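Step one of this worksheet: look at the structure below.
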């Protein structure tokens with residue numbers, strides 16, 4: 752590359768050594784049998800988990816096998832939309848493709864009856880009032896907006912119950 | 423009986439936010455050439471190359487080992503790619519070491535790198551998926567809740583993380599290759615930096631770096647170079663599933679098992695008294711006290727007390743990350759290898775300003791992914 756004068760200023764710029772060329776890649780996601788069941792549950796406005804026949808732990812979402820026992824999880828378990836915040840952070844960093852306004856609370860939510868937490872958005876409470884052990888409930892999108900995706904859950908919000916005792920969720924950290 | 427394996431050459435780039443003077447090929451070649459010169463060898467002396475980096479999606483170069491083979495003198499030679507997320511630099515060195523121990527090759531060049539300025543790791547780690555809410559904001563967003571859990575579990579006071587952030591940046595001032603050289607770093611500066619992932623502040627997180635690391639490993643009959651070799655006394659890798667009921671993410675079993683294995687091989691029964699210096703993968707400040715516990719340097723819940731006492735500082739009894747660590751340079755794929763390389767430098771006595779006098783036995787550790795990959799080695803100045 753040769754030095755080129757920059758437009759207008761008359762000042763030379765350095766040699767071009769790198770170009771950013773945005774590309775786009777669309778893909779279809781094939782979730783498999785177990786995750787399809789979970790995603791179809793979300794489409795109906797419910798959390799559908801699965802229980803391991805050996806250790807009896809309930810996974811949500813289930814990948815179709817128990818990672819500990821290595822056996823298929825076949826029993827479906829429908830879970831309530833309430834749970835406990837086991838731990839969380841307040842995200843205050845912008846990044847490309849971000850879809851939620853910062854700052855936001857990303858929490859590990861342990862649904863009642865489940866044995867594994869997953870990450871959920873907490874709203875309707877100031878960030879500095881969120882607590883480990885806080886009891887929350889899912890807020891779903893309108894029935895005609897439900898899709899087979901976690902986008903069907905708008906967020907979780909405090910449900911007004913007293914905080915869960917640390918001993919009840921410390922095994923899930 | 424396995425062959426003894428020696429580290430006979432080390433090389434690393436000057437790590438920076440943007441190495442726009444070199445391509446990825448130029449970056450890895452720079453580190454590799456330095457390692458060859460240190461070993462007093464040329465490209466033709468090398469039998470095989472083992473290369474590692476973090477996910478291909480970071481820079482968008484798929485199977486980059488194919489494109490990098492000519493830059494590493496690997497045309498017509500075996501080249502092997504390793505991938506275990508952030509721990510990859512460590513695992514890559516171990517695969518190379520095992521090729522020596524197994525008697526397959528006599529001299530292996532191993533290289534790891536990342537060119538974060540060519541990439542967008544935050545984006546690559548936060549791609550939306552239908553079965554997860556789009557909340558994950560890079561690695562910090564993943565690890566901050568685990569750090570909060572550690573703080574709750576151990577009762578550690580808030581300032582511990584800031585102490586690590588300051589300690590490792592002060593150490594980096596002794597290392598000319600470190601990315602960050604923050605001469606005026608202190609607790610107040612860390613406390614006043616922006617909160618990125620509460621409870622983690624900007625200065626409690628690693629930088630984004632361009633950089634590469636390389637080592638030449640050899641069998642006992644092929645030892646050469648300008649410094650005495652570092653001998654591999656133990657090597658171990660472990661992994662565990664990212665998600666299972668009862669998983670302890672604060673103190674992962676894979677890390678404990680990996681440490682137990684590498685200590686058994688190296689004859690270590692009391693890590694705190696036997697290990698002279700350690701380079702441990704601490705990308706976020708709080709991972710120092712967490713890994714102190716996971717690696718058995720103290721009882722569970724006491725890691726923060728060790729940090730607070732100054733035990734891990736440059737003049738402490740168990741100096742950790744005298745190079746400045748991941749908190750001062752983070753070319754992701756290379757970060758694990760830098761840990762392994764730095765401890766080899768220590769026992770070879772070539773660490774310059776950040777040399778710990780009389781270091782004879784040292785531990786290098788790397789972890790990656792959602793704390794599910796671990797790799798470790800123990801190197802010493804004496805033959806095992």
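Chains as they are written, first to last, in our numbering: chain A, 752 to 924; chain B, 423 to 806.
Glycine residues also receive a C-beta, built at the ideal position from the N, C-alpha and C atoms.
From a predicted model like this one, the values you see are computed outputs, not experimental measurements.
What do you get for residue i, buried or exposed, if any count of 16 or more other CB atoms within 10 angstroms of its CB means buried?
{"i": "residue 424 (chain B)", "result": "exposed"}
{"i": "residue 484 (chain B)", "result": "exposed"}
{"i": "residue 752 (chain A)", "result": "Residue confidence is low: residue 752 (chain A) scores 36 on pLDDT, short of 50, so the model does not pin down where it sits. Its coordinate-derived value is still stated next. So residue 752 (chain A) ends up on the exposed side."}
{"i": "residue 565 (chain B)", "result": "buried"}
{"i": "residue 794 (chain A)", "result": "exposed"}
{"i": "residue 772 (chain A)", "result": "exposed"}
{"i": "residue 440 (chain B)", "result": "exposed"}
{"i": "residue 845 (chain A)", "result": "exposed"}
{"i": "residue 919 (chain A)", "result": "exposed"}
{"i": "residue 557 (chain B)", "result": "buried"}
{"i": "residue 648 (chain B)", "result": "exposed"}
{"i": "residue 808 (chain A)", "result": "buried"}
{"i": "residue 506 (chain B)", "result": "buried"}
{"i": "residue 754 (chain A)", "result": "Residue placement at residue 754 (chain A) is poorly supported in this model, since its pLDDT is 44, which falls under 50; the coordinates still yield a value, given next. With fewer than 16 Cβ atoms within 10 Å of its Cβ, residue 754 (chain A) is classed as exposed."}
{"i": "residue 513 (chain B)", "result": "buried"}
Which one or two residues does DSSP pair with residue i in a beta bridge?
{"i": "residue 833 (chain A)", "result": "A:888"}
{"i": "residue 474 (chain B)", "result": "B:504 and B:534"}
{"i": "residue 702 (chain B)", "result": "B:787"}
{"i": "residue 773 (chain B)", "result": "None; residue 773 (chain B) has no bridge partner."}
{"i": "residue 801 (chain A)", "result": "A:810 and A:827"}
{"i": "residue 839 (chain A)", "result": "A:858"}
{"i": "residue 619 (chain B)", "result": "A:842 and B:622"}
{"i": "residue 427 (chain B)", "result": "B:641"}
{"i": "residue 636 (chain B)", "result": "B:433 and B:533"}
{"i": "residue 605 (chain B)", "result": "In the DSSP output, where bridge partners are listed per residue, residue 605 (chain B) has none listed."}
{"i": "residue 742 (chain B)", "result": "B:700"}
{"i": "residue 499 (chain B)", "result": "Answer is none; residue 499 (chain B) lacks a bridge partner."}
{"i": "residue 438 (chain B)", "result": "B:632"}
{"i": "residue 819 (chain A)", "result": "Answer is none; residue 819 (chain A) lacks a bridge partner."}
{"i": "residue 806 (chain B)", "result": "Partner(s): none; residue 806 (chain B) has no beta bridge."}
Assuming the contact rule is C-beta atoms closer than 8 Å, residue i and residue j should be a hit. Round their C-beta distance to whole Å, please.
{"i": "residue 872 (chain A)", "j": "residue 855 (chain A)", "result": "6 Å"}
{"i": "residue 476 (chain B)", "j": "residue 508 (chain B)", "result": "6 Å"}
{"i": "residue 540 (chain B)", "j": "residue 481 (chain B)", "result": "5 Å"}
{"i": "residue 634 (chain B)", "j": "residue 472 (chain B)", "result": "No, residue 634 (chain B) and residue 472 (chain B) are not in contact; Cβ-Cβ is about 14 Å, not under 8 Å."}
{"i": "residue 785 (chain B)", "j": "residue 511 (chain B)", "result": "That pair is no contact at about 15 Å."}
{"i": "residue 533 (chain B)", "j": "residue 494 (chain B)", "result": "6 Å"}
{"i": "residue 663 (chain B)", "j": "residue 794 (chain B)", "result": "7 Å"}
{"i": "residue 744 (chain B)", "j": "residue 593 (chain B)", "result": "5 Å"}
For residue i and residue j, I'd like the C-alpha separation in whole angstroms.
{"i": "residue 818 (chain A)", "j": "residue 863 (chain A)", "result": "20 Å"}
{"i": "residue 582 (chain B)", "j": "residue 882 (chain A)", "result": "21 Å"}
{"i": "residue 887 (chain A)", "j": "residue 806 (chain B)", "result": "56 Å"}
{"i": "residue 754 (chain B)", "j": "residue 859 (chain A)", "result": "26 Å"}
{"i": "residue 913 (chain A)", "j": "residue 521 (chain B)", "result": "58 Å"}
{"i": "residue 458 (chain B)", "j": "residue 465 (chain B)", "result": "7 Å"}
{"i": "residue 825 (chain A)", "j": "residue 768 (chain A)", "result": "56 Å"}
{"i": "residue 884 (chain A)", "j": "residue 490 (chain B)", "result": "50 Å"}
{"i": "residue 780 (chain A)", "j": "residue 538 (chain B)", "result": "28 Å"}
{"i": "residue 909 (chain A)", "j": "residue 889 (chain A)", "result": "9 Å"}
{"i": "residue 788 (chain B)", "j": "residue 452 (chain B)", "result": "23 Å"}
{"i": "residue 769 (chain B)", "j": "residue 723 (chain B)", "result": "30 Å"}
{"i": "residue 780 (chain B)", "j": "residue 747 (chain B)", "result": "20 Å"}
{"i": "residue 861 (chain A)", "j": "residue 696 (chain B)", "result": "41 Å"}
{"i": "residue 711 (chain B)", "j": "residue 778 (chain B)", "result": "21 Å"}
{"i": "residue 814 (chain A)", "j": "residue 786 (chain A)", "result": "6 Å"}
{"i": "residue 916 (chain A)", "j": "residue 922 (chain A)", "result": "12 Å"}
{"i": "residue 715 (chain B)", "j": "residue 778 (chain A)", "result": "42 Å"}
{"i": "residue 758 (chain A)", "j": "residue 770 (chain A)", "result": "Residue placement at residue 758 (chain A) is flagged as unreliable, the pLDDT there being 49, under the threshold of 50; a coordinate-derived value is accordingly withheld."}
{"i": "residue 756 (chain A)", "j": "residue 763 (chain A)", "result": "Any reading at residue 756 (chain A) needs caution, since the residue's pLDDT is 44, under 50, leaving its predicted position unreliable; the model's value is listed next. The straight-line gap from Cα to Cα measures roughly 4 Å."}
Give the range of the beta strand (DSSP E) segment to which residue i is assigned.
{"i": "residue 909 (chain A)", "result": "904-909"}
{"i": "residue 611 (chain B)", "result": "It is not in any beta strand (DSSP E) - residue 611 (chain B) instead sits in the alpha helix (DSSP H) that spans 609-614."}
{"i": "residue 707 (chain B)", "result": "Segment: none, residue 707 (chain B) is in no beta strand (DSSP E) and carries neither H nor E."}
{"i": "residue 660 (chain B)", "result": "652-661"}
{"i": "residue 873 (chain A)", "result": "869-873"}
{"i": "residue 683 (chain B)", "result": "Looking at the DSSP string, residue 683 (chain B) is not in any beta strand (DSSP E); the run it does join, the alpha helix (DSSP H), is 675-688."}
Between which two residues does the alpha helix (DSSP H) harbouring residue i extend?
{"i": "residue 798 (chain B)", "result": "From DSSP, residue 798 (chain B) is part of no alpha helix (DSSP H) but of the beta strand (DSSP E) over 795-802."}
{"i": "residue 446 (chain B)", "result": "446-461"}
{"i": "residue 582 (chain B)", "result": "581-594"}
{"i": "residue 517 (chain B)", "result": "510-523"}
{"i": "residue 727 (chain B)", "result": "725-731"}
{"i": "residue 695 (chain B)", "result": "693-696"}
{"i": "residue 570 (chain B)", "result": "560-576"}
{"i": "residue 787 (chain A)", "result": "783-794"}
{"i": "residue 487 (chain B)", "result": "486-490"}
{"i": "residue 919 (chain A)", "result": "917-920"}
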